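*Asks:* For the record, the sequence lines run as chains A and B. For the first sequence, the residue numbers in the working numbering are 1 to 201. For the second sequence, the residue numbers in the working numbering are 1 to 201. A virtual CB, placed ideally from N, CA and C, is assigned to each residue, including glycine. Note that this is a predicted model, so its numbers are computed, not measured. Pasting a structure below so you can have a look.
There are 2 protein chains.
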Amino acid sequence: MVYDEADTEELAPWRSPIARALHRNSSLPQSRYLQLATVNLEGCPANRTVVFRGFLEGTNQLKIIADRRSQKIEQIEKNPLAEACWYFSKTREQFRLAGKITVVKAEDFDAKLKQIRASVWREISDAARVQFSWPSPGEKRSEAAAFELASPDKIETLFNFCLLLLEPIKVEHLELRGEPQNRWLYQRDDSGLWSTLAINP
Amino acid sequence: MVYDEADTEELAPWRSPIARALHRNSSLPQSRYLQLATVNLEGCPANRTVVFRGFLEGTNQLKIIADRRSQKIEQIEKNPLAEACWYFSKTREQFRLAGKITVVKAEDFDAKLKQIRASVWREISDAARVQFSWPSPGEKRSEAAAFELASPDKIETLFNFCLLLLEPIKVEHLELRGEPQNRWLYQRDDSGLWSTLAINP
Numbered sequence: 001m002v003y004d005e006a007d008t009e010e011l012a013p014w015r016s017p018i019a020r021a022l023h024r025n026s027s028l029p030q031s032r033y034l035q036l037a038t039v040n041l042e043g044c045p046a047n048r049t050v051v052f053r054g055f056l057e058g059t060n061q062l063k064i065i066a067d068r069r070s071q072k073i074e075q076i077e078k079n080p081l082a083e084a085c086w087y088f089s090k091t092r093e094q095f096r097l098a099g100k101i102t103v104v105k106a107e108d109f110d111a112k113l114k115q116i117r118a119s120v121w122r123e124i125s126d127a128a129r130v131q132f133s134w135p136s137p138g139e140k141r142s143e144a145a146a147f148e149l150a151s152p153d154k155i156e157t158l159f160n161f162c163l164l165l166l167e168p169i170k171v172e173h174l175e176l177r178g179e180p181q182n183r184w185l186y187q188r189d190d191s192g193l194w195s196t197l198a199i200n201p
Numbered sequence: 001m002v003y004d005e006a007d008t009e010e011l012a013p014w015r016s017p018i019a020r021a022l023h024r025n026s027s028l029p030q031s032r033y034l035q036l037a038t039v040n041l042e043g044c045p046a047n048r049t050v051v052f053r054g055f056l057e058g059t060n061q062l063k064i065i066a067d068r069r070s071q072k073i074e075q076i077e078k079n080p081l082a083e084a085c086w087y088f089s090k091t092r093e094q095f096r097l098a099g100k101i102t103v104v105k106a107e108d109f110d111a112k113l114k115q116i117r118a119s120v121w122r123e124i125s126d127a128a129r130v131q132f133s134w135p136s137p138g139e140k141r142s143e144a145a146a147f148e149l150a151s152p153d154k155i156e157t158l159f160n161f162c163l164l165l166l167e168p169i170k171v172e173h174l175e176l177r178g179e180p181q182n183r184w185l186y187q188r189d190d191s192g193l194w195s196t197l198a199i200n201p
């Protein structure tokens, strides 16, 4: 993606500890997995592991992918609030990222979002792409043959493919290795400015 | 704890895959960490890492400890619904455990719960126990001296120490290693019977 300068947000102050954690834990594939909590249609918490697909260029938004047939899509469309919990086991630190999710679907009109959705589709692996043509997730198990499908085209983004953009407004960082542990709270005010506060673990 | 036979629930069908996952991932300390999602007082999802302290003997309830001054206590007292997401990185499998949490506090009247809370207090490490005498979690960072405290007594359970008991009523198990992935849904009906269903990943 190429962005105009006007589109570029300042890096939030929690971006540098996250970049450091990603770097220091890069030998572990699961360091790109985080748990995304939403509220379901009945008002109950829902929580599942998702894969971090990088930050949207020029922003502080986390990219995540999802199947439009999955429950999280209808949950987020009804209530876009989410908190992601991201634990890095090698450096023993946790980030909690609370904010709102934007769902980018096939029928999205916004030209820039359309283009971003298509570019993430191209970037993911064949194994990740084929899942969007599988039988409906969460339904009674289909027979094995229903999953034997050729990899979808890289260019033609499948209808079921959604991009989620999590825009944090409050981030907490906990380092378990401290003695006592270190913990920081980052909050964004209405004007978009971030504050940083050391808090008790 | 010694239980009467009448107190003993049948092991739920998801207990054996969890026991297997714990065993196979036992070389990784973080395999006892799970992410607990609740709904906060404003109706927003909240999500944090907690430590699995075993199952309550004779039940399918997960034991977790918490500080009564932490936000999760007031959240759970207002809305006891929770979903824990437990990812095992070595075997690449995930459990989602949805249910209700019981908070066992210092003033709990129930003799059995009182005894369980005291026994978990004795089992945890000195490093875990001392945290319950630290300055209030989440508040502006106190000076270092406020954390320099002797380990609390093993016998006298501190007031701030709470035991959480998560009783799942719906459990999902996803094995990423399958081709396609394997996924099961376990649900408990009103009479306490569990059903098991293979579902699409």
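Just list the alpha helix (DSSP H) runs in the stretch 90–171 of chain A, keeping only unbroken ones of 4 residues or longer that don't cross its boundaries, in chain order.
*Replies:* As far as the stretch 90–171 of chain A is concerned, its whole alpha helix (DSSP H) runs of at least 4 residues are 111–123 and 126–130.
*Asks:* Can you list, in chain order, the residues of its chain whose CB lies under 8 Å from that of R183 (chain B), leaving out five sequence neighbours each side?
*Replies:* If you number the second sequence from 1, residue 183 (chain B) lands on position 183. Here the set comprises E172, H173, L174, E175, A198, I199, N200 and P201.
*Asks:* Thinking C-alpha only, which one of B:P45, B:V50 and B:A46 is nearest L29 (chain B)?
*Replies:* Here residue 29 (chain B) corresponds to residue number 29 of the second sequence, with the count starting at 1. In the sequence under discussion, the amino acid at residue 29 (chain B) is Pro, which differs from the Leu named in the question. Answer by Cα proximity: B:V50.
*Asks:* Listing by chain order, which chain B residues have their CB less than 7 Å from the CB of Y33 (chain A)?
*Replies:* Within the first sequence, numbered from 1, the residue matching residue 33 (chain A) stands at position 33. The answer, in chain order, is Y87.
*Asks:* Tell me which same chain residues have a C-beta within less than 7 Å of the C-beta of K105 (chain A), skipping the five on either side of it?
*Replies:* By one-based count along the first sequence, residue 105 (chain A) stands at place 105. Answer for K105 (chain A): R68 and C162, listed in chain order.
*Asks:* Which chain B residues sit within Cβ distance under 8 Å of K140 (chain A)?
*Replies:* As a working note, residue 140 (chain A) is residue 140 in the first sequence. Result: L197, A198, I199 and N200.
*Asks:* Are the beta-carbon atoms of F52 (chain B) and Q61 (chain B) separated by less than 8 Å?
*Replies:* As a first step, residue 52 (chain B) is located in the second sequence; it is residue number 52 there, counting from the start. As a first step, residue 61 (chain B) is located in the second sequence; it is residue number 61 there, counting from the start. In this structure, Q61 (chain B) does not lie closer than 8 Å to F52 (chain B) by Cβ.
*Asks:* Note down the Cα distance separating P168 (chain A) from S16 (chain B), rounded to an integer number of angstroms.
*Replies:* Taking the first sequence and counting its residues from 1, the one referred to as residue 168 (chain A) is at position 168. Taking the second sequence and counting its residues from 1, the one referred to as residue 16 (chain B) is at position 16. Going from the Cα of P168 (chain A) to the Cα of S16 (chain B) covers about 38 Å.
*Asks:* Taking any Cβ of chain A, which residues in the stretch 127–139 of chain B have a Cβ under 7 Å from it, in chain order?
*Replies:* So the close ones are W134, P135, S136, P137, G138 and E139.
*Asks:* Measuring only the C-alpha atoms, how far is Q20 (chain A) from D190 (chain B)?
*Replies:* Indexing the first sequence from 1 puts residue 20 (chain A) at position 20. Indexing the second sequence from 1 puts residue 190 (chain B) at position 190. Just to set this straight, residue 20 (chain A) is Arg in the shown sequence, not Gln. The straight-line gap from Cα to Cα measures roughly 48 Å.
*Asks:* Going by DSSP, what residue range makes up the beta strand (DSSP E) through R203 (chain B)?
*Replies:* Absent from the model: residue 203 (chain B). The displayed extent of chain B is 1 to 201, so no value can be given.
*Asks:* Hey, W134 (chain A) and P45 (chain B): beta-carbon distance below 8 Å or not?
*Replies:* Taking the first sequence and counting its residues from 1, one reaches residue 134 (chain A) at position 134. Taking the second sequence and counting its residues from 1, one reaches residue 45 (chain B) at position 45. Contact flag unset, no.
*Asks:* By the three-class DSSP mapping on this structure, what secondary structure does A12 (chain B) have?
*Replies:* What you label residue 12 (chain B) is simply residue 12 of the second sequence in a count that begins at 1. DSSP places A12 (chain B) in coil when its eight states are reduced to three.
*Asks:* Taking the alpha carbon of G72 (chain B) as the point to measure from, which residue in B:G192, B:T196 and B:N160 has its own alpha carbon closest?
*Replies:* Counted from its first residue, the second sequence places residue 72 (chain B) at position 72. In the sequence on display, residue 72 (chain B) carries Lys and not Gly. Answer by Cα proximity: B:N160.
*Asks:* With a cut-off of 8 Å, does the C-beta of C162 (chain A) fall near any C-beta of chain B?
*Replies:* In the first sequence, the residue the question calls residue 162 (chain A) occupies position 162. Chain B contact via Cβ: absent.
*Asks:* Does DSSP classify Q75 (chain B) as helix, strand or coil?
*Replies:* Against the second sequence, residue 75 (chain B) aligns to sequence position 75. Helix, per DSSP.
*Asks:* Please compile the residues from chain A whose C-beta is within a distance smaller than 7 Å of the C-beta of F147 (chain B).
*Replies:* Locating residue 147 (chain B) in the second sequence gives position 147, counting from the first residue. Simply P180.
*Asks:* Please compile the residues from chain A whose C-beta is within a distance smaller than 7 Å of the C-beta of T49 (chain B).
*Replies:* What you label residue 49 (chain B) is simply residue 49 of the second sequence in a count that begins at 1. Residues of chain A passing the Cβ test: C85, Y87 and Q94.
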